[in-house]
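What follows is one structure encoded as structure tokens, with my remarks underneath.
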């Protein structure tokens, strides 16, 4: 059976919103990633360079990821909202809907935002890790990638959560047009404190992670500049006269290494017979291509790959034939101790914020619980003679709620007293009416007697007539 016009409209609305959310993910990633990952200068903006080093350039990768995420989440949304669409079709066709179906829809309306919130984070994170592992990037990049997605995804998922919650709330209200029956404890029970943590923590977590990763990136950048200046100072005081593999090796061996992991590189004109002082080191295709494209623009800085934190300082030498040779030192600027320190800070501060928000939300929800428990007590109370007031201890929405409760309690007790008084009056009237009927019967029985001639006896008879 075909969907109604309203359901088609809702599906299109959900699809475009999902597309918008995923577009925000892509744009945010394209802006934040080069900063956090210390992308090599010019490499992100040069599409021709990217086409030479990768099967797909970054723009194409972002477009593919965008469509994958949009399609995947559209399918998930349609599967999760299958029963809701079915209900809406029945509702707009004005078909009979059972109370059991309505209860299930109300439950779905409460559950789906939370289910989608969690599933979106997990699925997107898995897709990102799989894509990262498939192109063979280093562990340090995967670690940063996970931290970055822990920054972006909760925020995006929160937007999706609020969007779904609003739409499903409107659908939930439609169920009350079919029946006024209500049931309690439908759907996932989420306390106010938990709900507050889910909606506040993403912003705090994002700010902590972004600040920490930018701080780490800037620190490693300065470390790279420091190492570069070290080797640059040695090169400025050297004259390389014997420009051959052996001659350059002899000269470079005299330069002390700043770190044990550093090694020098010699690139002859054909670059195929490159030599490194570290036998386990391999010169990547990215490195050679970057050297060809950007050597003069970066003043000799050459990088191993996007975000690998491995770079080199190279100089160009001309041999007797006028061919270019490149020599330099490659070094790793990764500081694992600093990175772990920032991760420890992220975890510690996040836990502190979590504890703070938890107790803050508990304190806030306590005010709500007090009012809720008082209302439940009213429902169960049989003695309405005693009026119960809530103390107003704050000048905010909770204070307004306590005031409104007190006014309702006051009006309720006033109405109950009026009802009780009316009942007492009715009972008294019935009693008096019964007495008058009895008086009339006695009067009619004794009208011919001596008492009938008495003035008060005749007055009773006239009154009953």
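Numbering (the numbering used here), first residue to last: 1257 to 1721.
Ideal Cβ placement from N, Cα and C applies to all residues, glycine included.
Simplified DSSP state of residue i, which is helix, strand or coil
i, result
"residue 1558", "strand"
"residue 1584", "strand"
"residue 1457", "helix"
"residue 1574", "strand"
"residue 1267", "helix"
"residue 1604", "helix"
"residue 1689", "helix"
"residue 1757", "Beyond the ends of the chain as shown, which are 1257 and 1721, falls residue 1757; an answer cannot be given."
"residue 1674", "helix"
"residue 1275", "helix"
"residue 1330", "helix"
"residue 1377", "helix"
"residue 1347", "helix"
"residue 1760", "Past the edges of the chain, shown from 1257 to 1721, lies residue 1760, and the structure says nothing about it."
"residue 1362", "helix"
"residue 1729", "Missing from the structure shown is residue 1729; the chain here goes from 1257 to 1721 and no further."
"residue 1719", "The pLDDT assigned to residue 1719 is 46, lower than 50, so where the model puts this residue is not dependable, and the model offers no usable value."
"residue 1658", "helix"
"residue 1500", "coil"
"residue 1314", "helix"
"residue 1462", "helix"
"residue 1422", "helix"
"residue 1494", "coil"
"residue 1306", "helix"
"residue 1622", "helix"
"residue 1352", "coil"
"residue 1301", "coil"
"residue 1722", "As shown, the chain starts at 1257 and ends at 1721. That puts residue 1722 outside it, with no answer to give."
"residue 1475", "helix"
"residue 1437", "coil"
"residue 1447", "coil"
"residue 1339", "helix"
"residue 1651", "coil"
Presumed contact (8 Å Cβ cut-off) between residue i and residue j, rounded CB distance
i, j, result
"residue 1553", "residue 1298", "6 Å"
"residue 1542", "residue 1560", "7 Å"
"residue 1260", "residue 1349", "6 Å"
"residue 1448", "residue 1617", "6 Å"
"residue 1472", "residue 1657", "In fact, because the Cβ distance is near 46 Å, the residues do not count as touching under 8 Å."
"residue 1366", "residue 1444", "7 Å"
"residue 1435", "residue 1343", "Wrong, their Cβ atoms sit about 13 Å apart, outside the cutoff."
"residue 1308", "residue 1545", "5 Å"
"residue 1417", "residue 1372", "7 Å"
"residue 1303", "residue 1313", "5 Å"
"residue 1370", "residue 1315", "Actually they do not touch by this definition, with Cβ atoms about 35 Å apart."
Contact set for residue i: own chain, Cβ-Cβ below 6 Å, skip 5 residues either direction
i, result
"residue 1322", "1278, 1282"
"residue 1407", "1462, 1465, 1466"
"residue 1336", "1368"
"residue 1523", "1530, 1582"
"residue 1566", "1560, 1588"
"residue 1499", "1573, 1575, 1581"
"residue 1568", "1558, 1584, 1586"
"residue 1346", "1353"
"residue 1709", "Confidence at residue 1709 is low in this model, with a pLDDT of 49, below 50, so the placement of that residue is unreliable and no value is reported for it."
"residue 1532", "1519, 1521"
"residue 1425", "none"
"residue 1621", "1448, 1449"
"residue 1486", "1514"
"residue 1271", "1330"
"residue 1491", "1571"
"residue 1613", "1453, 1456"
"residue 1517", "1588"
According to DSSP, residues forming a beta bridge with residue i
i, result
"residue 1568", "1558, 1586"
Contact test: residue i Cβ vs the ligand NAP heavy atom, cutoff 7 Å
i, result
"residue 1287", "The ligand content of the structure shown is nil, which means the ligand NAP is not present either."
7 Å CB neighbourhood of residue i in its chain, flanking five on each side removed
i, result
"residue 1602", "1464, 1465, 1468"
"residue 1339", "1360, 1361, 1364"
"residue 1403", "1465, 1469"
"residue 1294", "1473, 1476, 1477, 1563, 1565"
"residue 1527", "1544"
"residue 1479", "1589, 1591"
"residue 1262", "1344, 1348"
Contacts around residue i, its chain only, beta-carbon distance under 8 Å, and the 5 residues preceding and following it disregarded
i, result
"residue 1276", "none"
"residue 1610", "1453, 1457"
"residue 1288", "1404, 1407, 1408, 1466"
At 4 residues or longer, what runs of the alpha helix (DSSP H) sit wholly inside the region 1503-1558? Here the runs fully enclosed are 1541-1550.
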